[in-house]
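Worksheet: the structure to be examined is printed underneath.
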Amino acid sequence: MVSGGSDSSIRLWNLQHHSCTHNLKGVQGVVSVLECHPDPERKLLFAAGDDTKIYGWDISTGKLKSTLLGHFSKITSISFHKNGDNLVSSGRDKVLILWDIVEGVSIRVLPVYEGIEGAFIIPSGVKLPIDTDEDLDNKIYVASAGEKGAVKIWEMKSGREVYCQQNSLISAAKEDGGLSITHLLLNEQLESFAVVSTDHHIIIHVLKSFVPTKQFVGYSDEILDIVYLGENDSHIAVATNSFDIKLYELQTMNCQLLRGHTDLVLALATTPANRYLMVSSAKDNSVRIWLMCRESNLMFCIGHSERHTASVGSVALSQLSASFFASVSQDTCLKLWALPKKMLPTDKNIDLEVNHTVIGHQKDVNCVVISPNDKIIATGSQDKTAKLWSADNLQLIGVLRGHRRGVWCVRFSPIDQVLLTTSADCTIKLWSISELNCLKTFEGHECSVLRAEFITRGMQLITSGADGLLKLWIVKTSEAISTLEAHDNRVWALAVSHDENQIVSGGSDSQIVVWRDVTEENREKANAEKEQLILEEQKLANLLKADKLVAALKLSLKLEKPLQALRIIEGIMKNNGSERLEDAISELKPHYKESLLKCASIWNTNGRNAQAAQVVINILMNDIGSGAIELSSLSSSLEALIPYTDRHFKRLTRLFQDLHLLNYTVNRIKPHNEPKKVNGFNE
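Just so we're aligned: the sequence shown equals residues 1 to 683 in the UniProt record's numbering.
Right, dumping it as structure tokens:
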């Protein structure tokens with residue numbers, strides 16, 4: 001094994017003996033690249049550091065064999081040709097260099113006009129997405145990737161760019177010299193390559209077509225919104241602190257990155273009228289329409305528009321017809337958009353029309369929602385108010401005032417004419433839509449309430465706060481019946497599945513937590529346990545009636561009935577004596593003996609039951625002393641036994657002493673009580 005460190009040293013290790021065999025010197029600064037020659041007979045090692053030079057050593061002797069000079073910035077990769085005489089190196093100086101290892105000279109310096117973070121020589125015989133009618137054996141094709149976010153293929157001998165990736169899922173660096181792609185890896189056996197991005201995503205492509213086959217999300221960053229998608233809520237779309245939307249298949253957690261926005265995605269929206277349709281909004285002042293293909297489950301952007309003048313913080317789709325959607329922004333405007341009646345995943349750049357625009361609030365508008373009947377639109381703002389608007393023409397219906405801080409979330413009840421609002425003042429309020437007054441105020445959160453959803457047909461609420469806690473509320477009683485802890489920071493996202501069996505939450509701690517409703521399962525389990533208990537109690541009564549005391553003892557211990565077990569113990573002692581009791585206890589399994597010892601500890605607290613308790617304790621102590629059983633709670637049981645046993649011992653000792661005194665007194669008065677004889681007769 002070879003290792004290179006920040007101390008400029010390169011060490012060779014013998015793995016069998018766990019020892020260092022050579023310490024190779026020459027590299028200056030941090031070692032950035034280490035590659036062994038693919039031909040083991042040559043025994044060559046190449047490395048590069050901060051001094052922009054490539055060094056080659058003989059592994060067997062540890063001597064420096066060659067130094068390759070040509071780069072002027074950090075070297076990021078080294079790749080060997082199959083002939084063993086050539087290698088290609090890449091660097092942040094925006095060049096690829098083809099080297100002759102034998103002569104130690106560069107054959108060609110190829111400018112690529114971007115900082116390169118990874119490159120590899122494509123093996124001959126691998127099919128590429130280009131026309132390769134020429135003699136491949138005389139060509140050296142190199143794949144490179146860097147700050148522009150796309151993989152390119154170069155022919156090194158001619159110095160030509162022969163292919164540039166058009167379907168890259170990784171955005172280019174924002175500034176010159178920035179990072180976009182950090183690693184480029186080849187899998188020669190599968191004829192595929194992997195691209196690693198600065199967002200910690202790993203995307204695997206097929207070399208033949210550059211089609212992405214797998215996408216791994218290594219880090220989600222701050223999660224801002226989550227929605228369910230697809231048939232039977234098979235997918236979730238997640239908006240994170242990123243330009244891309246992540247589409248997960250819930251069953252396998254396979255991911256698809258949805259590219260389109262040019263700034264952070266802030267909000268997502270879906271509708272029960274079309275489970276394959278989604279609207280997104282972002283900091284780039286735009287909204288986008290996405291449609292999932294029913295056959296492939298791939299999602300495509302079919303339209304977008306930029307009509308707002310600031311970040312679009314929230315969007316909402318109509319619930320009945322999926323014919324329009326609403327958006328709100330930091331520009332304080334509420335916009336109403338029309339959607340085409342028919343949409344296909346193959347559509348491109350659908351023309352999105354804004355039907356109406358109004359200035360909705362005095363400050364940033366945080367949220368928007370459309371009522372279940374598509375008649376009313378509700379908005380919430382940092383100006384501490386929520387407003388109701390007509391969905392036909394955005395005419396103001398009413399203003400809801402009562403919160404002391406900004407409103408974070410608004411939701412319509414699915415069954416009543418009620419609006420729910422959450423606020424930074426730590427409260428949740430229910431409002432009458434017809435009367436425009438506050439019906440209820442829920443207090444229980446200790447910080448800002450960020451999201452809320454109606455569940456159980458509007459009878460319950462699930463809310464999330466800035467402290468990472470989720471609370472479950474009963475609307476009728478205004479009582480929080482459960483607090484769920486899974487997040488460490490603000491919970492921005494909350495989504496409920498269509499059948500309400502699942503809830504997904506996400507927050508600033510980068511966690512996506514899937515919650516499952518187990519209410520019905522727990523109810524069924526409790527009913528089954530209750531039925532089983534009734535059957536076993538009846539069985540116990542039958543055993544007692546049949547005078548099968550040993551079997552009844554086992555069942556009473558299983559049912560955890562100490563009093564019943566005491567009566568059975570007393571019955572065995574009365575009918576058969578202690579020997580039969582000892583035989584019965586010896587037949588018990590260890591966990592039953594442990595239960596019996598606990599029962600005896602309880603009986604031992606009462607003097608009336610002390611005899612049965614002490615007999616049982618004596619039998620069990622003999623088993624424990626002989627090592628026949630080992631009890632997990634022996635120490636705690638003994639601690640409970642000692643004080644009462646000592647008290648019973650002292651009481652019996654006093655009784656024994658009193659008994660001896662009584663016998664002594666009786667014996668002393670016997671001579672005086674004998675009848676006297678007078679003239680041969682008893683008096």
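Glycine is no exception: its CB is placed at the ideal position from the N, C-alpha and C atoms.
A quick note: this is a predicted structure, and the numbers were derived from the prediction, not measured.
The Cβ atoms of HIS308 and LEU336 do not sit closer than 8 Å to each other. Within the DSSP bridge table, the entry for TYR228 names ILE236 as partners.
A distance below 8 Å between beta-carbons, with the five flanking residues on each side excluded, links ASP233 to the following residues of its chain, in chain order: LEU250, ARG275, SER497, HIS498, ASP499, GLN502. Residues PRO123 of the same chain have their beta carbon placed closer than 6 Å to that of GLU188, with the five preceding and five following residues left out of the count. Of the candidates SER180, LYS208, LYS65, SER180 places its Cα closest to the Cα of ILE202.
ASN373: not part of any alpha helix (DSSP H); DSSP gives it neither H nor E.
When DSSP states are grouped into helix, strand and coil, ARG288 belongs to the strand group. Per DSSP, the unbroken beta strand (DSSP E) holding ARG108 starts and ends at 105 to 111. Counting only residues of its own chain and dropping the five nearest sequence neighbours on each side, PHE216 has a CB closer than 6 Å to the CB of ILE202. Secondary structure of ASP658 (DSSP, three-state): helix. Note that the C-beta distance between SER464 and VAL504 is not below 8 Å. Your pair ASP39 and GLY84 checks out as a contact, with CB atoms roughly 5 Å apart and the cut at 8 Å.
Non-local beta-carbon contacts of SER220 in its own chain, meaning distances under 6 Å to residues more than five positions away in sequence, involve THR240, SER510 in chain order.
When secondary structure is reduced to three states using DSSP, TRP603 falls in the helix class. In the same chain as SER311, and ignoring 5 residues on each side of it, the C-beta atoms closer than 7 Å to its own belong to LEU266, LYS283, ASN285, SER329, GLN330, in chain order. Taken atom to atom, the span from the alpha-carbon of PHE649 to that of ASN663 is near 21 Å. Annotated as proximal: GLU147 and ALA173, with beta-carbon spacing under 8 Å. Within the segment 301 to 384, the complete beta strand (DSSP E) segments of 3 residues or longer fall at 312 to 317, 324 to 329, 333 to 338, 353 to 359, 365 to 370, 376 to 381, listed in chain order. Where LEU472 is concerned, the enclosing beta strand (DSSP E) starts and stops at 469 to 474. Contact annotation: PHE325 and ALA269 have beta-carbon atoms nearer than 8 Å. The three-state secondary structure of ILE170, taken from DSSP, is coil.
Here DSSP, grouped into helix, strand and coil, assigns ASN138 to helix. Going by beta carbons, GLY402 and CYS438 fall inside the 8 Å limit. Of the residues assessed, TYR113 falls on the exposed side of the cut-off, its CB having fewer than 16 other CB atoms within 10 angstroms. The residues PRO372, PHE454, ARG457, GLY458, in chain order, have a CB closer than 8 Å to that of PRO414 in the same chain once the five nearest residues on each side in sequence are set aside.
For MET573, the three-state secondary structure derived from DSSP is helix. DSSP, read as helix, strand or coil, puts THR665 in helix. Note that the C-beta distance between LEU44 and GLY56 is below 8 Å.
Less than 8 Å separates the beta-carbon of THR76 from that of GLY91. Secondary structure at ALA269: strand, using DSSP grouped into helix, strand and coil. Taking a contact as a CB-CB distance under 8 Å, the pair THR385 and VAL399 counts as one, their CB atoms being some 6 Å apart. Counting only the Cα atoms, LYS440 lies some 8 Å from SER478.
Rounded to the nearest whole angstrom, the C-alpha separation of LEU472 and THR252 is 28 Å.
DSSP, reduced to helix, strand and coil, places LYS525 within a helical segment of the structure shown. By the C-beta density criterion, ASP225 is buried, having at least 16 other C-beta atoms within 10 angstroms. Cβ contact annotation for CYS36 (same chain, cutoff 6 Å, sequence separation greater than five): LEU45, in chain order.
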